[in-house]
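Undergrad: Dumping the structure here so I can ask a few things about it.
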Amino acid sequence: MIAFFQAHTPLAAMLLAGFFLWCYIVVASVEFGATLFILFPKLRGPRAVSVAQLLSPVWEVNNVFLVGFFVSLLAFFPGFIPWFATALFIPLSVFIVANGVRVLSVLIFFYSPFERIQQSLLARLVFATSAYTAMAAAAWGATVAIIGVTPELWLAQFAWLLVPAVLFALAGLAAFAGVGMELFGGADSSTSPVKMFTDFSCVAYAASAVWFFKMVPLFAAHNIRSADVLWTSVALALALALAALGRLARRPSAAFFALAALVGILIFYVISLQYPYLVYPFITAASAYTATSTATILFIVCILGLVLVIPSLAVLYTLFLQKNKSYETGNNTIESEGNKIIT
Amino acid sequence: MSPDLLWGRVLMADTLAFHIFFALLGVGIPLLVSLAELVGMVRRDDDFLQFARRWSFAMGVLFVVGAISGTVVAVEFFMLWPGFVAFAGPAIGVPMFLEVFAFFIEAIFLGVYMFTWGRWGNRSWRHWLSSLPVVLGSVASAFLITTVNAFMNEPSGIVTQVVGGVQKIVQVNPWQAMFGPATLPETSHSIVAYYTTTFFVAAAICALALWRRRGTMETNSETTRYFSKGLVFCLTLAFACALVVGFTGDASARFLASHEPLKLATIEQLPATESHAPLRFLGIRIPDALSELVGGTPQTVVQGLAAFDPALWPPSFIHWLFDGMAASGFFLVVVPIVYAVRRNWRHSRIMFGLIIAAALAALFSVEAGWIVTEVGRQPYVVAGVLKTAAAFTPSAGVVVIALVFPVLYVVLAVAAFWILIRHYTHHAPLH
């Protein structure tokens, strides 16, 4: 077992990066989904306060998962970074700008007293748009990173071949966000934001499927292994769509955890399928891997760090779920304060 | 220097200057808030509890902006300097990865702390305890990231070799790389400077509030008492930290003499290697002082610029920034002493003005200190091993983001301060 682990530590490191990405997708899609409640405030209903209160602490932690994904790539695979940086230059730039605007919106909606701005359609539209652009750029970047597209391919005339993969990723996220809103936001699947997500994910799945079937021979001619990865991801993403649309016996919590598991399977399966390559056929995980002494310390740090972080996260989410319960039953006088942080 | 590289360096400088401002407050405010709440509970003083609660709002707002600017710094590492990450990854991977967990703890408990005021009663040790992970997480983040910078200034624990025309680390001891000779002087000096600056900024805000109340009906009100207590509390902390910064600054200068002599020669504009080296401070030449400071005796030989290849000399303007930083350091020690000694000045415009000037000087000295550290290492990104130009990205489009990102920083900074000013001017302390 130990010998097997030693021989495959690059795979373990890839899966660890995937774990951070998975956590980011789970928490961020819920948060992004709930921004629709800000865009359509009249649709929030009796649990309006709980939506905002639940999101406030969550988003503080969300970006750390994404930073964790980036830093695990940096720490474990420094040799991959020149490729990664070149391939992701545009999505990373878009992500930074969109996330900056999103943070500005968060400041205005959660910390400021400017109610007139908060109520304006433009401000709400900017918030939702920046949140989705950040999510799209992250999905775009993650897709590029996970399927290991070469910078040459990315920058060359075949760059558009990534479109179906990105659409699939977005469709999965949209479906996930919709179910997350049902669970955390208290909306039911017939309300407009959730329905909008479902409709969007169906259209995106259909568009990407058409595109994919039309273009896959060309893609396969240039990069067979990545095409295999794409095929697998398509199958799993379709399962994701079916699960989201079926809503698993109309129980949001069951659907949410099932979708989270499916997204995890999607990421981890694609990573393991690609192994031993990071970028086929140019970079193997072993060739981009860090020094053995560094990797050993990184794994120990990771285990100890997760021992600290997982219970802390549990405390955070438990506290806020309890807090929201009291808001729902009207037992908390702060309810009238809406989504503001009062000091 | 190619135009793209110049734009890349300008962008990185903009990003770091913006991030450092929010990061230093992100490190300092958690300690300020935690200490104020502790004092409030021990002394059963509601003014201190309210001080902590009011400052926790600023902590949240500044953390939001600091978190995004920190994310941008991390992402720009990849985007602009892939050659640096590819080279130094095996050495800097451990502190970078540890920092993720420190950041996690800080972000998680910041949420817990901010949203649980009053949840367990007015004075709750449980609530105060939740501030400790925020304090520890923020200081750990600062420490770990600064160890990366210390490695860049004085790389250790690595064996390098040119493989296929590219400089690579072929052997690494990650702990030695992390705890190199520059780590202790650099981390201690910068972290204590962050605390000093935060305490002076908090003191300046109290001073400003008192200044505005001078000559009004509110002179003897509970609000005035609240701000007066806050001012004394912050100035006391700031004074203690400013003294420590003086000692750590002295240790840092001695470290430069022994490990980064070219940077010291540039900072002091010392033309030739000599004993009895003079110190040039704000245009004044003090004979023998540099030799005294470096080695304790006037006979100590200090290396001058002539001992190094002129192509490797860093820009000379860092001399003035260093002098400005050192002068600010003296000023920061003097202001609290004046406040303590001249009792009849305590509620005067002069005193309030001095305290506000001290806060601005503290902010300047942190920014100037980082510019001296970073520019003083040029043309290298990892001193003596990897040149900045060799680490730069080949990607096109750097000019575009170098023009767009700073606009975003300005908008974010303006929004954050607008919200803070608006909040505090409309929410006076409650009694």
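Chains as they are written, first to last, in my numbering: chain W, 13 to 355; chain Y, 29 to 459.
Note that beta-carbon positions come from the ideal geometry of N, C-alpha and C, so glycine has one too.
(1) For Y/I378, count neighbouring C-beta atoms within 10 Å of its own C-beta (all shown protein chains included) and say buried if the count is 16 or more, exposed if not.
(2) Let me make sure I understand the geometry here. Which of Y/G36, Y/A51, Y/E302 and Y/E296 has the alpha-carbon closest to that of Y/Y223?
(3) Using a C-beta cutoff of 8 Å, does W/Y123 count as contacting chain Y?
(4) Select from the segment 431–454 of chain Y all residues with a C-beta closer than 9 Å to any C-beta belonging to chain W, and list them in chain order.
(5) With a threshold of 8 Å between beta-carbons, can W/L23 be considered close to chain Y, or not?
(6) So for Y/R405, helix, strand or coil by DSSP?
(7) Going by Cα to Cα distance, which pick from Y/Y408, Y/A237 and Y/A221 is closest to Y/Y452?
(8) Using only the alpha-carbon positions, how far apart do Y/P343 and Y/Q204 sit?
(9) Would you mind sorting Y/E24 into buried or exposed? The rule is 16 or more other CB atoms within 10 Å of its CB.
(10) Taking only the alpha-carbon atoms, compute the straight-line gap between Y/I447 and Y/H304 and give it to the nearest angstrom.
(11) In the DSSP assignment, find the unbroken beta strand (DSSP E) run with W/L119 in it and report its ends.
(12) Among Y/W398, Y/L321, Y/V38 and Y/E65, which residue has its Cα nearest to the Cα of Y/E296?
(13) Which class does W/L167 belong to by DSSP, given the choice of helix, strand or coil?
(14) So, helix, strand or coil for Y/Q327, using DSSP?
(15) Pair every Cβ in the segment 303–316 of chain W with every Cβ in the segment 197–216 of chain Y, then say whether three or more of these pairs are closer than 8 Å.
(16) I'd like to confirm something about W/T141: is its beta-carbon nearer than 7 Å to some heavy atom of the ligand PLP, or not?
(17) Based on the DSSP secondary-structure assignment, which residues constitute the bridge partners of Y/V191?
(18) Using a threshold of 8 Å, state whether the C-beta atoms of Y/V93 and Y/T43 are closer than that.
(19) If you draw a straight line from the C-alpha of Y/T401 to the C-alpha of Y/P306, how long is it?
(20) DSSP three-state label for Y/G302, please.
(21) Kindly identify the DSSP beta-bridge partner or partners of Y/F309.
(22) Closer than 7 Å by C-beta to Y/I48: which residues in its own chain qualify, once you throw out the five before and the five after it? Chain order, please.
(23) If we count the other Cβ atoms within 10 Å of its Cβ and call it buried at 16 or more, is W/E127 buried or exposed?
(24) Could you check if Y/A300 is buried or exposed, using at least 16 other CB atoms within 10 Å of its CB as the buried criterion?
(25) Any beta carbon from chain Y within less than 8 Å of W/V9's own beta carbon?
(26) Closer than 8 Å, Cβ to Cβ, to anything on chain W: give me those residues from the segment 398–425 of chain Y, in chain order.
(27) Return the chain-ordered list of same chain residues with a C-beta closer than 6 Å to the C-beta of W/I37, the five sequence neighbours on each side being excluded.
(28) Determine, for W/F44, whether the minimum Cβ-Cβ distance to residues of chain Y falls below 8 Å.
(29) How about W/A149 and W/A110: do their beta carbons lie closer than 8 Å?
(30) So, is the C-beta of Y/I136 closer than 8 Å to a C-beta in chain W?
(31) Let me see if you follow: with CB-CB separation under 8 Å, is Y/V67 close to chain W or not?
(32) Indicate whether the contact test is met: 3 or more Cβ pairs, each with one atom in the segment 145–152 of chain Y and one in the segment 116–123 of chain Y, closer than 8 Å.
(33) How is the beta strand (DSSP E) around W/V291 delimited, first residue to last?
(34) Determine, using beta carbons only, whether W/A300 and W/G80 come nearer to each other than 8 Å.
(35) Where does W/T296 sit, in a helix, a strand or coil, going by DSSP?
(36) Name the one or two DSSP bridge partners that Y/V410 has.
TA: Working from what's here:
(1) Per the 10 Å Cβ criterion, exposed.
(2) Per the Cα distances, Y/A51.
(3) At a cut-off of 8 Å between beta-carbon atoms, W/Y123 makes contact with chain Y.
(4) Taking 9 Å as the cut-off between beta carbons, the residues of the segment 431–454 of chain Y near chain W are V432, F433, L436, Y437, V439, L440, A443, A444, W446, I447, L448, R450, H451 and H454, in sequence order.
(5) False, the Cβ-Cβ gap to chain Y never drops below 8 Å.
(6) Secondary structure at Y/R405: coil, using DSSP grouped into helix, strand and coil.
(7) Measuring from the Cα of Y/Y452, the nearest candidate turns out to be Y/A237.
(8) Rounded to the nearest angstrom, the two C-alpha atoms are 30 Å apart.
(9) In this structure chain Y extends from 29 to 459, so residue 24 of chain Y is not present and cannot be described.
(10) C-alpha separation (whole angstroms): 54 Å.
(11) From DSSP, W/L119 is part of no beta strand (DSSP E); its letter is neither H nor E.
(12) Looking from the CA of Y/E296, the closest CA among Y/W398, Y/L321, Y/V38 and Y/E65 belongs to Y/L321.
(13) Any reading at W/L167 must be qualified, since the residue scores a pLDDT of 48, below 50, and its modelled position is unreliable; no value is offered.
(14) Look at Y/Q327 here: in three-state DSSP terms it is coil, with no helix or strand label.
(15) Yes, the segment 303–316 of chain W touches the segment 197–216 of chain Y.
(16) Absence of the ligand PLP is noted for the structure shown, with no ligands found whatsoever.
(17) BP columns for Y/V191 point to Y/V194.
(18) Y/T43 is positioned such that its CB atom lies no closer than 8 Å to that of Y/V93.
(19) For Y/T401 and Y/P306, the gap between their C-alpha atoms comes out near 22 Å.
(20) The question names Gly, but residue 302 of chain Y is Glu in the sequence shown. Y/E302: strand per DSSP, three-state reduction.
(21) Assignment of beta-bridge partners to Y/F309 by DSSP yields Y/I312.
(22) Excluding sequence neighbours, Y/I48 sits near V394, E395 and W398.
(23) Residue burial annotation: W/E127 is exposed, with fewer than 16 other C-beta atoms found within 10 angstroms of its C-beta.
(24) Counting C-beta atoms within 10 angstroms of its own C-beta, Y/A300 has fewer than 16 neighbours from the protein chains shown and is therefore classed as exposed.
(25) Here chain W comprises residues numbered 13 to 355, so residue 9 of chain W is not present and cannot be evaluated.
(26) Taking 8 Å as the upper bound on Cβ-Cβ separation, chain W lies near residues T421, P422, S423 and G425 of the segment 398–425 of chain Y.
(27) Cβ neighbours of W/I37 beyond the five flanking positions: V275.
(28) Closer than 8 Å: no.
(29) Taking C-beta atoms as the reference points, W/A149 and W/A110 count as a pair closer than 8 Å.
(30) Under the Cβ criterion of 8 Å, Y/I136 is counted among the residues facing chain W.
(31) No, Y/V67 does not count as interfacial toward chain W.
(32) Below 8 Å, too few C-beta pairs join the segment 145–152 of chain Y and the segment 116–123 of chain Y to call them touching: fewer than three.
(33) First-last of the beta strand (DSSP E) with W/V291: Y289 to V291.
(34) In this structure, W/G80 does not lie closer than 8 Å to W/A300 by Cβ.
(35) In the displayed model, W/T296 falls within a strand according to three-state DSSP.
(36) According to DSSP, Y/V410 bridges with Y/L414.
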